[in-house]
Structure formats: C-alpha cells, structure tokens
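Okay, so the sequence shown: first residue is 1077 according to my numbering, each after it adds one.
Quick reminder that beta carbons are idealized off the backbone N, C-alpha and C, glycines included.
Note that the coordinates shown come from a computational prediction; the quantities given were computed from them, not determined experimentally.
Read the structure below first, then the notes.
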Amino acid sequence: MSNDARGTAAEPATTDPANTGTTSPWAQAHARSLADPDGFWGEAARAIDWVTEPTRTLDASNPPLYRWFPDGVLNTCFNALDRHVAAGRGEQAAIHYDSPVTGTRRTLTYAALLDDVSRFAGALAGLGVEKGDRVVIYMPMIPEAVVAMLACARLGAIHSVVFGGFAPAELAARLEDAEPKVVVSASCGIEPSRTVAYKPYLDGALDRSAHKPESVIVLQRDQLRADVGVRDTDWEEMEWTDVMADAEPTGCVDVAATDPLYILYTSGTTGRPKGIVRDNGGHAVALRWSMENIFDVGPGDVLFTASDVGWVVGHSYIVYGPLLTGATTVLYEGKPVGTPDAGAFWRVVEDYGVKALFTAPTAFRAIKKEDATGEYRHGHDISSLRTLFLAGERLDPDTYEWASSQLGIPVIDNWWQTETGWPIVANLRGLEPMPIKAGSPTVPVPGYDVRVLDETGQQCDPGNEGAICLRLPMPPGTLPTLWRDDERYVDGYLSVFDGYYLTGDGGLIDEDGYVFVMGRTDDVLNVAGHRLSTGSLEAAIAGHPDVAECAVIGVADALKGQAPRGLVVLKAGVDAATDGERIRTELVQRVREEVGAVAALKQIDVVTALPKTRSGKILRKTMREIADGKDAVVPGTIEDVSVLDGLRDVLRPHP
Ligand code: COA
Ligand code: AMP
C-alpha cells in the first residue's frame, strides 16, 4: 500500500513518553505509526477480510479532510459475523444478554446472531432500505438493538442509534438531520424505578420532525406493549415479529472503506447535535487493532462493557470491537447498583468468565457508595477478571485508588471521545503494559500525535496546561467529517490551530510523556459519563413562558462527576416569591420531557441577572468555577461585575 500523505504526515512526537526508550514496544509502535503510517496501518489492515484489498492507506488529497483506505472494499457485518462462522466459531457465544431488570438471560451464538441479522437485513431490504440509506435505532439494551445495527451494516445502510434515555426534542433533532428511511424501536425500556414507554416519545418526535420515515418497526416487550399501527400516520408501522416472520435472509453488500457505517450524534455547546460519521474500513481496522493491543481481548475472550449501545463506548466496545475480533460480548441491561445490589457486576463477571470489564468511573463511585468495603464482591469468583477499563469522564485519583485496592488488578483509564471512536490515550495492556500514574490515562495510542498547545498555538512545555490537540491526519477509525457538513467540521474542530484537531479538552503532558486530561474547555456537560449540551438544556428551559433568560452550568458532583445546575431570570411581572417554586418544578419536568431524564437536572435557582461579557456572552465558566469552590477567573470584559458578586452566595457550594 502507498500513502499519499507523505507531505503532510506528522513529524514524530517530540516527547519520549514514559522515557521507555526505543526498545519499548509502545515507543517503537507509536513512532512508527507517525513516521510510517502506510506500513503501520497497512499491516493492521491485514486483520480484516476485504472484498478488494486497499492498495493505498491514506487519501490526503483534500486536507484538512482525510480518508483511510480509499480504494478498499469490504463489509463490516461480514467481518463481525460471517467470517467467524466460516472459521468455525458458529457455536461460540457472540452475545450474552443479561437483564436483571427483566430477569432474563439469553446467549446468542455467532451462528444464531448471523441468522437473526441476515433475516432482519432481509426485512429492511424488503422495506426498500438500500446502501447509503439511513436507519434510526431507538432501543434499549436488548439483543435486537445489536441485530438492527449489524443488519444495517450488512446492507451498507447507515445506522444512527439514539440513546433510549433521550426524550422527543433530542430524538426529533436527530431524525431531521439523519433523514432515515426506517426507524426501529421497542415498546419500552426498563429502568429500576419505572418502565419507560418508548412509543409515545417516538410518536412525539416524529410529530415534531419535518422529516418522516417510510416505516417504523416496533419490537414489543412483554413489560409494556405499545400501540402499533393504530394512529393515522404518513408512515407504515409494523411489529418486529411480523417483519421477521416473513423475512428472507440476505447477504452482505460490498461497500467502499470510505462509505459511512454509522452516524452517532453527540452534544456540542449548542442545542444542535453533531452527526459524527464513522467509515467502514478505517473503523474495522482500528477497532480490531485496539482490541488486542489496548484491551488485551482476543478471539474467544469475554468483554463486559457496562455502557449503552446509544453511546460511542457501546458502539465500539459492546458491539463492533468484540464482534470484529471473534470475542464474546456481554450486553447488560441493568445498573451497577440497585439491580439488585452493588454486587451486580461481580455476578456477571463470574457467570460469564469475563476477562475485561469496561465502564465509566461513575459506576464505580456508585458501587463504592453502596459497598465501600467490597462485601458484595466476596461471594463471587471473579478470578477470570484481568483488567478494569474506565472511560467516559475523568478518573479521579480517589476512585482509581479505591477500585485498584478493592480488585487488585490493573485499573486502566483511557481517554477518547465520540469523534475518535477509540482511545486516544491509554495504557496499552496488550502492546506494552506501563506503570500507572493516578490521574493520567497514560500515553498516546499509536496513530495519535497528541500535543498540548497554548493560546498562540505553540506547544506547551511539559507540565504546563493547554488545549489538547491532535496533529492531522488522525488515525483510521476517527471521524472523517460531520454528516453532510464538512464546513461545520472544519469550523468547529480544525480551524482554531492550523493542522490540528481540537479535542475540546484541556490538560498537560508531564516530563515522562504521560497525558493528564483535566476537563472540557467548552461548555459541554459530562453527567455520569453522559455527554450533554448546555444548549439543549437551556433551550428546554428557555421555552417556558415565564423565563426571560437562563444559563446551565455543570458543577462538580461526588457521584456523577458533574451535575447540571440551572440559573433563570424570570420575565418582568412574574413574581419569584409567589411563583418561583412552581416554575422551578415545571422547569425540571420540562427538561425531563424535552431532553430526557438522563440530563438529571435537579437544581434551578431564580436569579435577578446573569453575568455577561460586554458582547453579551454568558460567563458560564466563571460561574462554574465559583460553584466548584475554585478561584474564579473574572474576565476583564465583564459587563457588570456586581451581577457576578450578587450570585456568589447562590452559586457557592453548600455543605
Ligand atoms: N432510558 C430511559 N431513562 C434512562 C435511561 C435509559 N436508557 N438511562 C437513564 N435513564 C434515566 C434514569 O432512570 C434516571 O431517571 P430518574 O431521574 O427518574 O431516576 C435518569 O435517567 C438519570 O439516570 P442516570 O444518570 O443513569 O442516574 P442513576 O441515578 O439512575 O444511576 C449510575 C447512576 C451511576 C448508576 C448510572 O449513571 C450508571 O450506571 N452509569 C454508568 C456510566 C455509563 O453507562 N456511562 C455511559 C458512557 S460510558
Ligand atoms: P463522549 O464523546 O461522550 O465519549 O465524551 C467525550 C468527553 O468525555 C471527552 O472529550 C472528555 O471530556 C470526557 N472523557 C472521556 N474519557 C475521559 C477520560 N478518560 N478522562 C477524562 N475525560 C474523559
């Protein structure tokens, strides 16, 4: 393969992370991936079955946009299922579905999963779904969600999974942008405290959306059945079992490596979600490589990723990573605590012989809160468990120390984001386990040239904080662009520092080359590892008839990492003393109904004014710093400092 990016390929990283020297497998791999991406990714690509093997690795003819394996042809579903069955893994478990909230367990072998997927692909094809069409999947953590994803991949259709915890406004925004031909959903999701009816949310979203699909398929769950086909709609509504009963299995459609596999919407600072595009070829190569080199999970091993298929962690490490590898994945419909207790993860590890567990730090904070001494673990044999991986939010040293001391196995932080699809910084357990420093996800993963830049775009000295940026081109698997919006991609990510992708996170690289990620430099919220937009929450609040203006900030929370807080200014004539309480209750409810319960907005304060710059920008960061009890930096451009001073008491953390 040849690399036509030679002119722009990154110079080798200037640091020697971990001072491991050239003999270190990680240092060698990282240096080679940047100096010779052609050789490095060309070799990695051999782990994938291609219909037409790529002769080129990187197409750099249109910077700052890059495409990997431009002339390769493959099918991702074939690589995730058919080839494993052909290689004799048909009877191996592909998915262990474990649902404490419904009291159900089901194991799907690779052969059974292939059968379901090829039949559902046939059903979709029967509804007119073709290569390049979009299918929105709005489902809870059930095997059919995975079946629907892989069926799309089989047809070369582009899936867009929407997290089940999102309410109509969020779902509608995604429907309008993705313009799906078909929507696949379920009658309900099950939360420990309640059964969540999906169909009314879906109907509400479809009513709001200017785009209407041609068909809606609903999987009926016994816990709560939905009314299907009883409304007068422009689209056809049908039940999953009916479409499956008539479906003929269908084969894999060839797609270009550069064709999109999926769109996954993520939150920016505005209310308009960003449609992250994932390609087929680069994604398959990168995820397959990451499974053994980062996660040390190979064919036949069991990976338990306790996240949700609606998030990128779920896409990559519940579905595609393990299945592309011929490993077994656990699909867990439950919580770390309360389903039924803080021993739930240990029971799953024991029952399925889990080798690696991957979740968010917040899950461990929840377990620690309920079971600080680890009593619930003692009844379980978790000797199969080699590594705990944590990502999705900062791993605070306290949680790291607690999890390490409790489990006595390596606890591995890894930093990445929806946009990259797989870890940017990690301690690569397969390639070369490294010493762990609490608070750092360790070193840049091969393929990523991680730099910390100051405001002028100069590289910061070791130990100094700045904006964490990735030198272009980024490795395979990372986003090539935003869905139908190259301009927004370039403006939002590639324009601040020429030649770099802006991650939106601030942090530093220390003398040993260890990367420390300190948090977002923008107003994106991270609540229990869930990425949420201040803009969406503010839009829901601002829609209330009594609200003049509002701001949402993310403040430190002992369990969820961050919790949103709302500050509202009421319209003239609305009396805060008499109506404030009612309005606050209505606003909490509005956010639940518009954005979703997952936003977890509980605290709203009525204030008389919001602090702003002279150009009218609300000083969210300054308010956040005060709320977190930090020394707040008050910008010189503040319009009226007395407004901020008046808020200090409201914002300040209360014991
Ligand atoms: N569908 C519908 N509602 C959902 C939902 C879903 N898929 N997921 C969450 N919700 C609801 C919850 O029921 C809860 O509603 P409530 O306010 O009526 O109780 C609300 O959204 C907030 O949910 P959550 O943030 O999950 O908080 P929690 O208090 O129920 O649980 C944790 C706290 C820490 C146990 C939980 O957040 C967790 O397991 N986190 C793991 C991290 C994770 O999966 N991160 C994803 C990225 S890796
Ligand atoms: P998402 O796109 O939902 O995966 O969220 C990505 C964001 O979550 C990142 O930009 C970070 O702000 C945060 N994040 C994810 N993993 C980590 C981590 N290991 N350490 C610190 N922050 C993290």
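Coil, strand or helix - L1471 by DSSP: What you label residue 1471 is simply residue 395 of the sequence shown in a count that begins at 1. When DSSP states are grouped into helix, strand and coil, L1471 belongs to the coil group.
Distance between G1148 and P1139 (C-alpha atoms, nearest Å): For the purposes of this step, residue 1139 is taken as residue 63 along the sequence shown, with counting starting at 1. For the purposes of this step, residue 1148 is taken as residue 72 along the sequence shown, with counting starting at 1. Going from the Cα of P1139 to the Cα of G1148 covers about 20 Å.
Whole alpha helix (DSSP H) elements within the region 1263-1310, 4-residue minimum: 1274-1284, all fully within the region 1263-1310.
DSSP three-state assignment for T1405, whether helix, strand or coil: Translated into positions along the sequence shown, residue 1405 becomes position 329. Three-state result, T1405: strand.
Closest residue to I1680 among L1466, P1216 and A1616 (Cα-Cα distance): Along the sequence shown, read from residue 1 onward, the residue named residue 1680 stands at position 604. Nearest option by C-alpha distance: A1616.
Nearest candidate by alpha-carbon position, reference I1664, set V1528, V1388, A1676 and D1655: For this step, residue 1664 is matched to residue 588 along the sequence shown. The question names Ile, but residue 1664 in the sequence shown is Val. When only C-alpha atoms are compared, the closest one is A1676.
Min CB distance P1256 to chain C below 9 Å: Here chain C cannot be found, since the structure has a single protein chain.
Buried versus exposed, by CB contacts within 10 Å (16 or more), V1521: Here residue 1521 refers to the residue found at position 445 when the sequence shown is read from its first residue. Answer is buried; the Cβ neighbour count reaches 16.
Contacting residues, own chain, Cβ-Cβ under 7 Å from L1727 (five flanking each side not counted): Locating residue 1727 in the sequence shown gives position 651, counting from the first residue. The beta carbon of L1727 sits closer than 7 Å to those of M1699, I1702 and A1703, all from its chain and outside the five residues before and after it, given in chain order.
Counterpart residues of D1174 in DSSP-defined beta bridges: Mapped onto the sequence shown, residue 1174 falls at position 98. Answer by DSSP bridge pairing, in chain order: R1181 and Y1408.
Closer than 8 Å: D1417 CB and nearest the ligand COA heavy atom: Locating residue 1417 in the sequence shown gives position 341, where the first residue counts as 1. Taking non-hydrogen atoms of the ligand COA into account, the C-beta of D1417 is found less than 8 Å away from none of them.
Close-in-space but distant-in-sequence residues of the same chain around G1280 (CB under 6 Å, 5 per side omitted): Locating residue 1280 in the sequence shown gives position 204, counting from the first residue. Cβ within range, chain order: P1244.
Start and end residues, alpha helix (DSSP H) containing Y1577: The count along the sequence shown starts at 1 and reaches residue 1577 at position 501. In this chain, Y1577 is not harboured by any alpha helix (DSSP H); it is covered by the beta strand (DSSP E) spanning Y1576 to I1585.
Residues of its chain near G1619, where Cβ-Cβ distance is below 8 Å and the 5 sequence neighbours each way are ignored: Along the sequence shown, one-based indexing puts residue 1619 at 543. For G1619, where only same-chain residues beyond five positions count, the Cβ hits under 8 Å are R1666 and E1670.
Residues near H1287 in its chain [Cβ-Cβ closer than 7 Å; skip 5 each side]: As a first step, residue 1287 is located in the sequence shown; it is residue number 211 there, counting from the start. Correct list, in chain order: L1251, E1252 and E1255.
Beta bridge counterpart(s) of F1465 as assigned by DSSP: Counted from its first residue, the sequence shown places residue 1465 at position 389. Beta-bridge pairing links F1465 to F1434 and I1488.
Rounded C-alpha distance that separates L1110 from R1230: Taking the sequence shown and counting its residues from 1, the one referred to as residue 1110 is at position 34. Taking the sequence shown and counting its residues from 1, the one referred to as residue 1230 is at position 154. Going from the Cα of L1110 to the Cα of R1230 covers about 33 Å.
Spatial neighbours of Y1565 in its chain, beta-carbon cut-off 6 Å, leaving aside the 5 residues before and after: Taking the sequence shown and counting its residues from 1, the one referred to as residue 1565 is at position 489. Correct list, in chain order: T1557 and L1558.
Any non-hydrogen atom of the ligand COA closer than 8 Å to H1172 Cβ: For the purposes of this step, residue 1172 is taken as residue 96 along the sequence shown, with counting starting at 1. At a threshold of 8 Å, H1172 does not count as near the ligand COA, since its beta carbon sits no closer than that to any of the ligand's heavy atoms.
Segment contact, 8 Å Cβ cut-off, at least three pairs: the region 1601-1611 with the region 1532-1550: The region 1601-1611 is not in contact with the region 1532-1550.
DSSP beta-bridge partners of A1627: As a first step, residue 1627 must be located in the sequence shown, where it is residue number 551. When beta bridges are read from the DSSP output, A1627 appears opposite L1643.
Secondary structure of N1540, DSSP reduced to three states: The count along the sequence shown starts at 1 and reaches residue 1540 at position 464. DSSP places N1540 in coil when its eight states are reduced to three.
Cβ-Cβ distance between P1549 and A1136 below 9 Å: Here the question's residue 1549 lines up with position 473 in the sequence shown. Here the question's residue 1136 lines up with position 60 in the sequence shown. Inclusion of P1549 and A1136 in the CB contact set at 9 Å is warranted, their separation being smaller than that value.
Proximity below 9 Å, CB of A1262 to CB of P1216: Translated into positions along the sequence shown, residue 1262 becomes position 186. Translated into positions along the sequence shown, residue 1216 becomes position 140. Their beta carbons are under 9 Å apart, which means A1262 touches P1216 by this criterion.
Whole-angstrom C-beta distance between T1496 and T1554, which should lie under 8 Å: Translated into positions along the sequence shown, residue 1554 becomes position 478. Translated into positions along the sequence shown, residue 1496 becomes position 420. Their Cβ separation, rounded to whole angstroms, is 5 Å, which keeps T1554 and T1496 in contact under 8 Å.
C-beta contact flag for G1455 and W1422 at 9 Å: Counted from its first residue, the sequence shown places residue 1455 at position 379. Counted from its first residue, the sequence shown places residue 1422 at position 346. Going by C-beta atoms, G1455 is nearer than 9 Å to W1422.
With 16 other Cβ atoms within 10 Å as the buried cut-off, status of V1519: For the purposes of this step, residue 1519 is taken as residue 443 along the sequence shown, with counting starting at 1. With 16 or more other Cβ atoms within 10 Å, it is buried.
A1085 burial status per 10 Å Cβ neighbour count (16 or more: buried): By one-based count along the sequence shown, residue 1085 stands at place 9. Bear in mind that a pLDDT of 32 at A1085, under 50, signals an unreliable position, so the number given afterwards is only what the model happens to contain. Buried, by the Cβ-count rule.
Beta-carbon contacts of L1646 that lie in its chain and below 8 Å, excluding the five residues immediately before and after: Position 570 of the sequence shown, counted from the start, is the residue given in the question as residue 1646. Within the same chain, L1646 has close Cβ partners D1622, V1623, A1624, A1652, D1655, G1656, I1659 and V1682.
Residue range of the beta strand (DSSP E) that includes Y1396: Position 320 of the sequence shown holds residue 1396. According to the DSSP assignment, Y1396 belongs to no beta strand (DSSP E), since it is labelled neither H nor E.
Among L1400, L1546, F1380 and G1347, nearest to A1362 - alpha-carbon criterion: Taking the first residue of the sequence shown as position 1, residue 1362 is located at position 286. Among L1400, L1546, F1380 and G1347, the Cα nearest to that of A1362 is on L1400.
Best match in A1332, T1128, L1613 and G1118 for proximity to G1344 [C-alpha to C-alpha]: Residue 1344 sits at position 268 when you count from the first residue of the sequence shown. Looking at A1332, T1128, L1613 and G1118, the one whose alpha-carbon comes closest to that of G1344 is L1613.
Opening and closing residue of the beta strand (DSSP E) in which A1136 lies: Working through the sequence shown from its first residue, we reach residue 1136 at position 60. Here the beta strand (DSSP E) through A1136 covers L1134 to N1138.
Beta strand (DSSP E) segment containing Q1679, residue limits: Residue numbering aside, residue 1679 sits at position 603 when the sequence shown is read from its first letter. DSSP places Q1679 in the uninterrupted beta strand (DSSP E) bounded by Q1679 to V1683.
Rounded straight-line distance, which links the Cα of F1242 to that of A1724: Taking the sequence shown and counting its residues from 1, the one referred to as residue 1724 is at position 648. Taking the sequence shown and counting its residues from 1, the one referred to as residue 1242 is at position 166. Checking the sequence, you will find Arg at residue 1724 rather than Ala. Spanning the alpha carbons of R1724 and F1242 requires a straight line of approximately 33 Å.
D1384: CB within 8 Å of a non-hydrogen atom of the ligand COA: Within the sequence shown, numbered from 1, the residue matching residue 1384 stands at position 308. Taking 8 Å as the cut-off, one finds at least one heavy atom of the ligand COA near enough to the beta carbon of D1384.
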